[in-house]
Amino acid sequence: MILTVDVGNTNIKFGAWDKDELVFISRLQTNTLKTRDEYAINLVDMLKLKAFNSSQFDGAIISSVVPPLSMALLEAVRDVIQTKRIFLVSPKLKTGMKVKLDSPDTLGSDMVCCAVSAAEKYTMPCIIIGMGTATTIFALDKDGFFLGGSLAPGVVISLEALASKTAQLPHISLDSPAGVIGTNTVDCMKSGAVYGAASMLDGMIRRIKKEIGAPDASVVASGGITPFVIPYCEEPVTFDDSLVLKGLKLIYDMNWQDF
């Protein structure tokens, strides 16, 4: 079995693969104050909760967009899974992904994983949306080359900023709005957050399709906020919650024989 770990700014997602089957997903809150030992204990407890143990794993691979945690998680996984086949996604690993950015090495490892997964599973050209702490929208061309895209504040960050920087607006939960036209403060905020994000995605999808000359480009989205937003999009969007984990497994398969 292979353990895949997606370290994000808000959550750390763990996925266990038995050959090509994703047998479980588990999440921990991202905490940069935790030590290597604390994360190792968390990992052992998580495996027990899912009725697995460390001896069942042959290797692991980690994607991290939180540099202060990268080595702590890497060492924690090494402490629990006794194998040399534990990788941290970086430009040193083979990914098969050609990147057309000005500085390819600056591409986040989570987006590398998303792109590798999307290129394997979806029709090209493809637009990839990530909705988490930030909202990311990137494009792959007809040959699967990573073209670039855009970054925007995430929906939750925007709501928190709105409540924190105003005197009378409350902190609210993110759930379905009653309609576009809210009739009270909370519904107005929900409408702005959800329909606003959906409208932004629709507009960006249309603009990207026009810019790359691909009106029929496929669109796939992942991230914890995605299920709250894409039901309100007018453009067709496929939700794939394990996009990063699938990409991690594919990258592991490309590299494990080298070690």
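If you're matching positions, the sequence shown starts at -7 in this note's numbering and goes up one per residue. Think of the CB as a built atom: it goes at the ideal place given N, C-alpha and C, for glycine as much as any other residue.
DSSP bridge partner residues for residue i (one or two, in chain order)
i: residue 128; result: 122 and 143
i: residue 9; result: -6 and 14
i: residue 231; result: 213
i: residue 21; result: 3
i: residue 51; result: -6
i: residue 56; result: -1
i: residue 91; result: 138
i: residue 78; result: 52
Assigned exposure category for residue i - 16 Cβ within 10 Å defines buried
i: residue 76; result: exposed
i: residue 73; result: buried
i: residue 15; result: exposed
i: residue 186; result: buried
i: residue 123; result: buried
i: residue 219; result: exposed
i: residue 47; result: exposed
i: residue 205; result: exposed
i: residue 172; result: exposed
i: residue 23; result: exposed
i: residue 80; result: buried
i: residue 156; result: exposed
i: residue 25; result: exposed
i: residue 209; result: buried
CA-to-CA distance, residue j to residue i, given in whole angstroms
i: residue 246; j: residue 21; result: 29 Å
i: residue 36; j: residue 244; result: 22 Å
i: residue -4; j: residue 159; result: 43 Å
i: residue 65; j: residue 229; result: 32 Å
i: residue 233; j: residue -2; result: 12 Å
i: residue 231; j: residue 221; result: 11 Å
i: residue 134; j: residue 8; result: 31 Å
i: residue 183; j: residue 174; result: 7 Å
i: residue 4; j: residue 249; result: 26 Å
i: residue 165; j: residue 196; result: 25 Å
i: residue 198; j: residue 207; result: 8 Å
i: residue 29; j: residue 1; result: 20 Å
CB contact flag (residue i, residue j, <8 Å)
i: residue 119; j: residue 128; result: no
i: residue 143; j: residue 154; result: no
i: residue 68; j: residue -6; result: no
i: residue 151; j: residue 181; result: yes
i: residue 200; j: residue 126; result: no
i: residue 100; j: residue 57; result: yes
i: residue 32; j: residue 71; result: yes
i: residue 102; j: residue 168; result: no
*Are the stretch 99 to 106 and the stretch 235 to 248 touching by the rule of at least three beta carbon pairs closer than 8 Å?*
yes
*Please confirm if the stretch 224 to 233 is in contact with the stretch 198 to 213, defined as three or more CB-CB distances below 8 Å between the two stretches.*
yes
*asked:* Contact between the stretch 127 to 143 and the stretch 87 to 102 is defined here as three or more beta-carbon pairs at a separation below 8 Å; is this criterion met?
replied: yes
*Taking contact to mean at least 3 C-beta pairs separated by less than 8 Å, is the stretch 80 to 88 in contact with the stretch 30 to 42?*
no
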